[in-house]
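S.K.:
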Amino acid sequence: MAKSKKSLTAVERRAEELDTIAAVLPIERRDELAELLTDQDVETLRHLVNQGMGDNTLRALTSDLAYLEAWGLAATGRSLPWPAPEALLLKFVAHHLWDPQRRETDADHGMPTTVDEKLRQQFLKSIGPHAPSTVRRRLANWSTLTKWRGVDGAFASPALKSAIRLAVRAVPRTRRRKSTKAVTGDVLATLLATCATDSLRDVRDRAILMVAFASGGRRRSEIAGLRREQLAVEPPIEMPDGSPLPSLAIHLGRTKTTSGEQDEVVYLTGRPVEALNAWLAAAKIESGSVFRAIGRWGTVSRRALDPQSVNAILKQRAEMAGLDPGEFSAHGLRSGYLTEAANRGVPLPEAMEQSRHRSVQQASSYYNSATRRTGRAARLLS
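Add 471 to a position in the sequence shown, counting from 1, and you land on the number used in my numbering.
1. Do we get a CB-CB distance below 8 Å when we pair GLU757 with the residues of chain C?
2. Using the Cα positions of ALA625 and ALA685, report the straight-line distance between them to the nearest angstrom.
3. Tell me the rounded alpha-carbon separation between GLY688 and GLU575.
4. Counting along the chain, where does the beta strand (DSSP E) carrying PRO707 start and finish?
5. Using 8 Å as the threshold, is the C-beta distance between ARG788 and THR665 below it?
6. Report the three-state DSSP secondary structure of THR740 (helix, strand or coil).
7. Measuring CA to CA, which of SER758, ARG675 and PRO717 is closest to ARG699?
8. Does DSSP put ARG698 in a helix, in a strand, or in coil?
9. Do the segment 796-804 and the segment 769-787 make contact, defined as three or more Cβ pairs closer than 8 Å?
10. How many whole angstroms separate the CB atoms of LEU716 and MET710, which I take to be in contact at a CB cut-off of 8 Å?
11. Please name the residue in ALA555, ALA634 and VAL513 whose C-alpha comes closest to that of HIS566.
12. Which residues mark the beginning and the end of the beta strand (DSSP E) in which LEU716 is found?
13. Can you grab the Cα-Cα spacing for the pair ARG767 / ARG672, in whole Å?
14. From ASP777 to LEU504, what distance separates their C-alpha atoms?
15. By how many angstroms is the C-alpha of ARG609 removed from the C-alpha of THR740?
16. Please look up how many angstroms separate the CB atoms of ALA775 and ARG763, rounded, as I've assumed it's under 8 Å.
17. DSSP three-state label for SER628, please.
18. With distance defined between alpha-carbon atoms, name the residue in HIS518, ALA746, HIS828 and THR547 nearest to ARG690.
19. Compare the C-alpha of THR547 against each of MET681, ASP676, LEU680 and PHE563 and name the closest.
20. Which partner residues of VAL771 appear in the DSSP bridge assignment?
21. Can you tell me the Cα-Cα spacing of ASP623 and ARG640, whole angstroms?
22. For a test of the three-state rule: what should DSSP assign to GLU757, helix, strand or coil?
23. Just to confirm the assignment, what range does the alpha helix (DSSP H) spanning LEU561 have?
24. Using a Cβ-Cβ cut-off of 8 Å (strictly less than) and excluding sequence neighbours within five positions of GLU557, which residues of its own chain qualify?
25. For PRO820, is the classification buried or exposed, using 16 other Cβ atoms within 10 angstroms of its Cβ as the cut-off for buried?
26. How about GLY807 and VAL682: do their beta carbons lie closer than 8 Å?
27. With 16 other CB atoms within 10 Å as the buried threshold, where does ILE721 fall?
28. Who are the near neighbours of ALA752 in its chain, counting only those whose CB is closer than 8 Å to its CB and skipping five residues on each side?
29. Since GLU735 sits in a beta bridge, which residues does DSSP pair it with?
30. Taking LEU529 and LEU544 to be in contact with their CB atoms under 8 Å, please state how far apart those CB atoms are, rounded to whole angstroms.
31. Candidates THR617, ARG607, TRP542 and GLU824: which alpha carbon is nearest ASP512's?
32. Just list the alpha helix (DSSP H) runs in the segment 790-827, keeping only unbroken ones of 4 residues or longer that don't cross its boundaries, in chain order.
33. Using beta-carbon positions only, say whether ALA746 and VAL771 come within less than 8 Å of one another.
34. Are the CB atoms of TRP619 and THR515 within a distance shorter than 8 Å?
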């Protein structure tokens, strides 16, 4: 028997409210979020959904808000105050940007062990100081959320800017690619070979890999958030020397690189359409989330996969294929699509129409150095 609204605990009530947001914005770890976030946090997120903020932006804000609240609880024993005082912002920087060499001689330098242990249970994976870009992003989202609550913060204070600048200078970090190796056509074929049976997991994972790659290297958040209502059947593509190929349009709506009411559309043709249709039929999905979790006994969940699960699936398939999973991530599908397009002589503007990149400089940066090194542009005088 369902509980009445009045009998729900605060955590259960927030979990229920987060479910209403998830209809618009798929949210990771709903139950954990319900425990971390306050009533005011959830109300702020609901307000942002109603304001029509882009799904990817909302997802990033939610993820960072959950981390900030978890850090605040671990570091101070209390939920975050709004607005946060300058001292708390400086503490955040000190806990996340620090010098490993100094830590060896000063145990109080950097993030305290007790705080680190609490955050490691849910959030932290790597050991050491955080990337400056991650710290800046979280502070920027903290500032945005502060403004949406109608209060002013100390995010522009000279002391905070100076602390970040000095910390970054003291601990230089080499920027690494999001995925060490691109998932090009040959790598994708190797991954797909591990999805050879008609089991639900193989059928789902085959569809995820093919759709993510063929649709222009879609971001894992876009794949996880894909809904049946975004798919539209297109007329088959006539082939001069064979049977017509099935065609499908994916209406992405607003993405990371669009704004307002602009609706991005990409197209699938041939095998990716067949793989997607096979999954939809096998899982009996007629509406709602396209890609979902599969239970221990083969039960298809009603909830969407979270974006991190898309990453985990790719790494699992890489390991099954005998590849090093540490060298690949879901972002490798995005860089791999553009690299494969270059290998096959597809002009960059045409590839960008499918990947939906707006910047030529950004799109071309995804071409792996190995491809550039062996390409014609590097052999003009060979």
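Ideal Cβ positions, reconstructed from N, Cα and C, are used throughout, including at glycine.
M.R.: Looking at the coordinates:
1. As a matter of chain content, chain C is missing from the structure shown, which is built from one protein chain.
2. Looking at the two C-alpha atoms, the distance is approximately 45 Å.
3. Rounded to whole angstroms, the gap between the alpha carbons of GLY688 and GLU575 is 42 Å.
4. 702-708 is the extent of the beta strand (DSSP E) around PRO707.
5. With contacts defined as CB atoms closer than 8 Å, ARG788 and THR665 qualify as a contacting pair.
6. Note: THR740 maps to strand in three-state DSSP.
7. Comparing alpha carbon positions, the residue from SER758, ARG675 and PRO717 closest to ARG699 is SER758.
8. Here DSSP, grouped into helix, strand and coil, assigns ARG698 to strand.
9. Contact holds: three or more Cβ-Cβ distances are below 8 Å.
10. Sure, about 6 Å apart at Cβ, within 8 Å.
11. Comparing Cα-Cα distances from HIS566 to each of ALA555, ALA634 and VAL513, the minimum goes to ALA634.
12. Per DSSP, LEU716 belongs to the beta strand (DSSP E) from 716-724.
13. Between ARG767 and ARG672, the C-alpha separation is close to 11 Å.
14. Whole-angstrom Cα-Cα distance: 13 Å.
15. Going from the Cα of THR740 to the Cα of ARG609 covers about 39 Å.
16. With 8 Å as the limit, ALA775 and ARG763 qualify as a contact, their Cβ atoms being about 6 Å apart.
17. Coil at SER628, not helix or strand.
18. Of HIS518, ALA746, HIS828 and THR547, the residue nearest in Cα terms is HIS828.
19. Residue PHE563 holds the alpha-carbon nearest to the alpha-carbon of THR547 among MET681, ASP676, LEU680 and PHE563.
20. In the DSSP output, where bridge partners are listed per residue, VAL771 has ILE765.
21. Spanning the two alpha carbons is a distance of roughly 28 Å.
22. Residue state, collapsed to three classes: coil.
23. From DSSP, the alpha helix (DSSP H) with LEU561 extends over 557-567.
24. Hits under 8 Å: ALA625, SER628, ALA630 and LEU631.
25. Burial check for PRO820: the Cβ neighbour count within 10 Å stays below 16, so the residue is exposed.
26. No. Outside cutoff.
27. That one is buried.
28. For ALA752, same chain residues with a beta-carbon under 8 Å away, outside a window of 5 residues either side, do not exist.
29. DSSP lists GLY724 as partners of GLU735.
30. Incorrect: roughly 23 Å between the Cβ atoms, too far for contact.
31. Measuring from the Cα of ASP512, the nearest candidate turns out to be THR617.
32. Segments of the alpha helix (DSSP H) lying fully in the segment 790-827: 802-814 and 819-826.
33. Between ALA746 and VAL771, the C-beta gap is not smaller than 8 Å, which leaves the two residues out of contact.
34. In this structure, THR515 lies near TRP619, with their beta-carbon atoms less than 8 Å apart.
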